[in-house]
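K.L.:
Chains as they are written, first to last, in my numbering: chain X, 1 to 245; chain H, 1001 to 1401; chain P, 2001 to 2303. Don't be surprised by glycine CBs; every beta carbon is placed ideally from N, CA and C.
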Amino acid sequence: MLEIKGVHAGYGNLKILRGIDMQVPSGGIVTLLGGNGTGKSTLLKAISGLIPLMEGEIIFDGVSVSKLKPHERMRLGLVQVTQAKEAYPAMTVEENLVLGAYTRKDREATKADLQKVYDFFPVLRERRKQLSGTLSGGEVQMLVIGRGLMASPKMLMLDEPSAALAPKVVLEIFANINRIAKSGVTVLVVEQNVRMALILAQYGYIIRDGVIMMKGEAKKLISDPAVKESFLGGSVSDTTKALRN
Amino acid sequence: MKLMNKVFAGLVATGVGLATTAAFAGDIRVGITMRMVSENGQAYGQMVMDEIKAINDAGGINGNMIKATLMNDECKSDKGVANANKLIFQENIHLLIGSTCSSVSLPIVDVTAKAGVPQMIPHSTNAKITQKGSEWVFRIPVSGRYYGGVNAKYVGENIGSKIAYICAADAASVGDCANMEKQMRARFGVDPAYRADVQEKEVDFRSHMQKIKSMNVDGILVAALAETMARALIQSYEAGIGEDVRRIGSSSASNAPVPKIAGDAAKGVFFTAAYAAADNRPIAKLFNEMTRKRYGIHAPDHDFSQAYDLVRIMEIALNNADLQLEQWSLKQDRTAIRDAIASVEGYEGLASGPISFCAAPTPQCRDGNRTAVLIGYTKGGENFETEVLARVTMEPDFGLE
Amino acid sequence: MGFDFNSLLAFIIFGVTIGVVYGIVALGISLIYSGLDIVHFAHGEMYMFGAFFGLVLAHNVGVPYPVALIGAMILTAILGMLVERVFYRRLTRAGGGYTVAGMGMIICGFGMSVALVNAAYFFFGAEAEPFRANLDYIPRLTFPGDINVPESYVLTAIISVLLMAGLHYFLRHTKTGLAVRAVAHNKDIAYLMGINVPLMISLIFGLACGLAAAAGVLIGPMQSVQVEMGYLMLMKAFAAAVVGGFGSLPGAILGGIMVGIFENLGAAYISASHKDIYAFLLLILVLMFRPSGLFGVEAKVKA
Ligand SMILES: Nc1ncnc2c1ncn2[C@@H]1O[C@H](COP(=O)(O)OP(=O)(O)OP(=O)(O)O)[C@@H](O)[C@H]1O
Ligand SMILES: [Mg+2]
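(1) So, is residue 193(X) buried or exposed, given that buried needs 16 or more other C-beta atoms within 10 angstroms?
(2) Would you grab the beta carbon distance between residue 2025(P) and residue 2211(P) for me? Rounded to a whole angstrom, and I think it's under 8 Å.
(3) Does the beta-carbon of residue 2169(P) have 16 or more other beta-carbons within 10 angstroms, so that it is buried, or is it exposed?
(4) At a threshold of 6 Å, does residue 16(X) count as lining ligand 3 (C-beta to nearest heavy atom)?
(5) On the criterion of 16 or more Cβ atoms from any shown chain inside 10 Å, does residue 58(X) qualify as buried, or is it exposed?
(6) With a threshold of 8 Å on Cβ separation, who are the neighbours of residue 2012(P) within its own chain once the five nearest residues in sequence on each side are excluded?
(7) Along the chain, where does the alpha helix (DSSP H) that runs through residue 110(X) open and close?
(8) Within its chain, find whatever has a CB closer than 8 Å to the CB of residue 1153(H); leave out the 5 residues flanking it on each side and keep chain order.
(9) Would the beta-carbon of residue 1222(H) fall within 7 Å of that of residue 1230(H)?
(10) Out of 1181(H), 1145(H), 1200(H) and 1293(H), point me to the one whose CA is closest to residue 1394(H)'s CA.
(11) Please report the distance separating the alpha-carbon of residue 1147(H) from that of residue 1180(H).
(12) Using a threshold of 7 Å, state whether the C-beta atoms of residue 1103(H) and residue 1134(H) are closer than that.
(13) For a contact meaning CB atoms closer than 7 Å, what does residue 1257(H) contact in chain P?
(14) Got a list of residues with beta-carbon closer than 7 Å to any non-hydrogen atom of ligand 2, in chain order?
(15) Counting Cβ pairs, one atom from each stretch, are 3 or more of them under 8 Å apart for the region 2232-2251 of chain P and the region 1212-1219 of chain H?
(16) Considering only residues of the same chain and omitting the five flanking positions on each side of residue 2221(P), which have a CB-CB separation below 8 Å?
(17) Does the beta carbon of residue 103(X) sit closer than 7 Å to a beta carbon anywhere in chain P?
(18) Would you report the Cα separation of residue 1068(H) and residue 1261(H), rounded to the nearest angstrom?
(19) Would you mind telling me which residues of chain X sit closer than 9 Å to residue 2032(P), beta carbon to beta carbon, in chain order?
(20) According to the neighbour-count rule (16 or more other Cβ atoms, all chains shown, within 10 Å of its Cβ), is residue 2185(P) buried or exposed?
(21) What number of angstroms, rounded off, separates the C-alpha of residue 17(X) from the C-alpha of residue 2275(P)?
(22) Measuring only the C-alpha atoms, how far is residue 2217(P) from residue 1298(H)?
(23) Let me know the secondary structure DSSP gives residue 1270(H) once reduced to three states.
(24) Does any heavy atom of ligand 1 sit closer than 6 Å to the C-beta of residue 13(X)?
(25) Tell me where the alpha helix (DSSP H) around residue 36(X) begins and ends.
(26) Classify residue 1354(H) as helix, strand or coil using the three-state DSSP reduction.
(27) Could you confirm whether any beta carbon from chain C is found closer than 7 Å to the beta carbon of residue 2189(P)?
(28) When the cut-off is 7 Å and only beta carbons count, does residue 249(X) lie next to chain P?
(29) When every heavy atom of ligand 1 is checked, does at least one fall within less than 6 Å of the C-beta of residue 36(X)?
(30) Taking 7 Å as the CB-CB cut-off, is residue 2020(P) touching chain H?
(31) Please report whether the beta-carbon of residue 2193(P) lies at a distance below 7 Å from any beta-carbon of chain X.
(32) Is the region 1346-1355 of chain H touching the region 1272-1282 of chain H in the sense that three or more CB pairs, one from each, lie closer than 8 Å?
(33) Using three-state DSSP, classify residue 2008(P) as helix, strand or coil.
(34) So is residue 2275(P) in contact with chain H if we call contact Cβ pairs under 7 Å?
(35) Which residues in the same chain as residue 1142(H) place their Cβ atom closer than 6 Å to its Cβ, once the five residues preceding and following it in sequence are excluded?
(36) For the beta strand (DSSP E) that residue 1221(H) lies in, which residues bound it at each end?
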């Protein structure tokens, strides 16, 4: 579905990504893991076209999209939900969702999709006339995912959907991501909640300093000692020691 | 043949151009600063230059050429003062002509007084200009203090004494308002029925007009620069104030933009001026013809006539002055020109009355023109028409404390 | 003389009729600000160009006034879009508002204002031009107390209200309007929604400049048309936008009306010779007690 070949990208002259290769196969969930500031969001921006490529190529669904504008890539079904969980606070929940379907011309199907999103996230239906600025963090996350779905994506990219949410809410959101993938949408999810992400996904990439450091099946990564060392926090005693220092 | 003529004329013109631009020690250097933002402004600036060129073409002043430098001050006092300084201290002019706005002429009076340069004012009516006591200033137009008297006399005798005043904040209009008010009080013992002091470029007079309407006044004095006056006139009709209430214009009502912009609202407006295009003296007819042919002016106002009279008076004075025109004689030549202008007496030109100056640095001596003509618009618009209502000559002391 | 209730009413009515015009110019400034994070200092010139376009259409081409109004709006919208595309786009791309590029944008706006004024001198000349509109078919409203409101003011008020209503409908109830609002809030996310952001930016500029042109054509018959007319309007509209809350569209309108009433009352009861000061007095008062303006939203936080 998505193929990334030797991508270099960054901001202005500042290069962040230094030769990324990655494949996201059709169907299922792939996760991209890494610490703060390693370039995860930057990679998603490069894929969706918010920042230009310095080198390399991105092929989506068999077409090279490297030169396309963000809205043009989006029209091909490549949809990104940003990390900042930005909804439009001055718009109602429903306006936000309608905006997600901005590019679509199929009215009937759009309407049906709106109901589908409401079925996924019943709380959004309850609050559909409410300004999205008044929603809770978890509700906003549901809203932006729902908004992404409204575009009827072939592939949905989620940037840290679990960030700053209570464990119970995280669970609910991940369950929904799973359902989305089951419904036939390819999902690329960026996460720092490594354990949860590796349980959810079939395949994982680990990025550090703008290069892919490790990749493999999620099941294997989760039990990999190196991953455990750097992401799963080591043992309780290690943490305690670190805190005391 | 025709072509050869043209080529020849071109060569001569270039030769003259070179002669006038090169600054020989023997030149008489004249600096001019004027408001040249409108087509009219451009045209009377050009006319002054053309008339000076004609003097040069006819042999100059006792064989000396006049080298004129024309600058635009846009009726802005800072620009005018900067122009005056540049002309006086860089170009070392013998004579300054300017400006055409009271607010610009007023500060320049201080500059010329300090530098000792004679200043001839083509058009500025504010009475204060000659009351500063400068021995270097000469006013060709009629002072606002005479205008106020003429206006007030006519208004009080023919229209009524219940007058509303709209006074804009530019120097000329402030002066016109004050003079009118003073004269109405002195002659008829009345104060304004309503008085609004508005901004120089006010755009919205509706609230004032509304109030004035409810007061049943006999007339409205609109004292403002041309464009502002035109707006006020239009809005007075929009507010529903009828034709029976006469509109009295301040000195700038003579400017062509007033009837042009105000259109029908200009009809019936009357004002005092130094020259009327409706004048039927032969000299006036010739002048109207000349400005129409040369500059495409429909009906020249007193800005034109005064600029023209000024050049003539300058020519007389320069011919009479004993000039050395050497590097060392600048100061002496300036003084000689000043004294020569001061001795001009009984000049009769386009102005409605004779123009005379004298030596004392007083308004009596330096407000050269004391005859105002009262003009009314009989038709507004691009091709406006005027009529002469009256012609009045005032005593030299009139309007002074 | 005693207190005259009728004249108070008159001052307020006239304040409102001029205030709505400040309002529609302020609406454009607010729209551009909320859309692009830039304060458009050349907006007064768009108003001036609009007035001249209207004048040329009505007098030289000879179309009826309403057609001239619409024509001027379209022409000015095109002018605004061109200016944005050619001159502003690079700067806005580098980020607006609080960035260094934002500063460059402000200077660029001033420069554009000077450039447009000079272009206007070149094309239209320095003289004030009368704008005569035949408005006989507009009723003359008479308020109690024999306050006669001339037709051009009635027309001004009606058209301004219609324009505002139209803009409101467009922004709230159409899909494109939704996209404009999305771009206004966050361009990156708007991109991710598949919105053609550059096109929407052009649209925002076009709309804002079209509104300014409408104001110019509406004011024309009252005040005559002149190259230097933009500066004062910009100041008033600016005051209106700040009073109402910068970036707030209803705020811009109400701010305009407040500025209109406030300056008319100030001119009537304090002194008419400093009328232009009242707008700024109101602005300072509002900033002292409600820095975000009367209807201001908190400064938006960018993602
Ligand atoms: N707009 C920008 N301009 C310049 N540098 C940026 C910009 N956005 C991010 N960076 C830098 O790029 C690097 C990678 O940032 P990125 O947002 O991709 O990290 P991340 O992996 O998503 O981290 P996090 O988990 O904290 O979201 C960081 O060093 C960051 O400071
Ligand atoms: Mg990130």
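P.N.:
Concretely, from the data shown:
(1) It is buried - the Cβ of residue 193(X) has at least 16 other Cβ atoms within 10 Å.
(2) Between residue 2025(P) and residue 2211(P), the beta carbon gap of about 7 Å places them in contact (Cβ cut-off 8 Å).
(3) Result: exposed.
(4) Of the ligands this structure carries, namely ligand 1 and ligand 2, none is ligand 3.
(5) Residue 58(X) is buried by the Cβ-count criterion.
(6) Result list for residue 2012(P): 2261, 2264 and 2265, in chain order.
(7) Judged by DSSP secondary structure, residue 110(X) falls within the alpha helix (DSSP H) whose first and last residues are 107-120.
(8) Once the five neighbours on either side are set aside, the close Cβ partners of residue 1153(H) are 1183, 1187 and 1392.
(9) Result no, Cβ atoms of residue 1222(H) and residue 1230(H) do not sit closer than 7 Å.
(10) When 1181(H), 1145(H), 1200(H) and 1293(H) are compared, the shortest CA-CA separation from residue 1394(H) is found for 1145(H).
(11) Their backbone Cα atoms lie some 8 Å apart in a straight line.
(12) Not closer than 7 Å, so no.
(13) Residues of chain P whose Cβ lies closer than 7 Å to the Cβ of residue 1257(H) are, in chain order, 2127 and 2128.
(14) The set of residues with a C-beta under 7 Å from any non-hydrogen atom of ligand 2 comprises 40(X), 41(X), 83(X), 159(X), 160(X) and 190(X), given in chain order.
(15) As far as the Cβ criterion goes, the region 2232-2251 of chain P does not touch the region 1212-1219 of chain H, which means the pair count is below three.
(16) Same-chain partners within the cutoff: 2131, 2132, 2133, 2135 and 2152.
(17) Yes, residue 103(X) lies at the interface with chain P (some Cβ there is under 7 Å from its Cβ).
(18) Linking residue 1068(H) to residue 1261(H) through their CA atoms gives a straight-line distance of about 33 Å.
(19) For residue 2032(P), no chain X residue has a Cβ inside 9 Å of its Cβ, as the nearest lies near 17 Å away.
(20) So residue 2185(P) counts as buried.
(21) If you take the alpha carbons of residue 17(X) and residue 2275(P), they lie about 59 Å apart.
(22) Each residue's alpha carbon lies about 28 Å from the other.
(23) If DSSP states are grouped into helix, strand and coil, residue 1270(H) belongs with the strands.
(24) Checking every heavy atom of ligand 1 against the Cβ of residue 13(X), none is found closer than 6 Å.
(25) Counting along the chain, residue 36(X) sits inside no alpha helix (DSSP H), nor does DSSP assign it H or E at all.
(26) In the structure shown, residue 1354(H) sits in coil (DSSP, three-state: anything other than H, G, I, E or B).
(27) Judged by its chain identifiers, the structure shown contains no chain C, and its protein chains are X, H and P.
(28) It is not possible to answer for residue 249(X), since the shown part of chain X is limited to 1 through 245.
(29) Distances between the C-beta of residue 36(X) and the heavy atoms of ligand 1 include at least one below 6 Å.
(30) Answer no: the Cβ-Cβ gap between residue 2020(P) and chain H never drops below 7 Å.
(31) At least one beta carbon of chain X lies nearer than 7 Å to the beta carbon of residue 2193(P).
(32) Touching, per the Cβ criterion.
(33) In this structure, DSSP gives residue 2008(P) a helical state, which the three-state scheme calls helix.
(34) Under the 7 Å criterion on CB atoms, residue 2275(P) is classed as interfacial with respect to chain H.
(35) So the list reads 1274, 1369 and 1372, once near-sequence residues are dropped.
(36) It spans 1219-1223 - the beta strand (DSSP E) in which residue 1221(H) sits, taken as one unbroken run.
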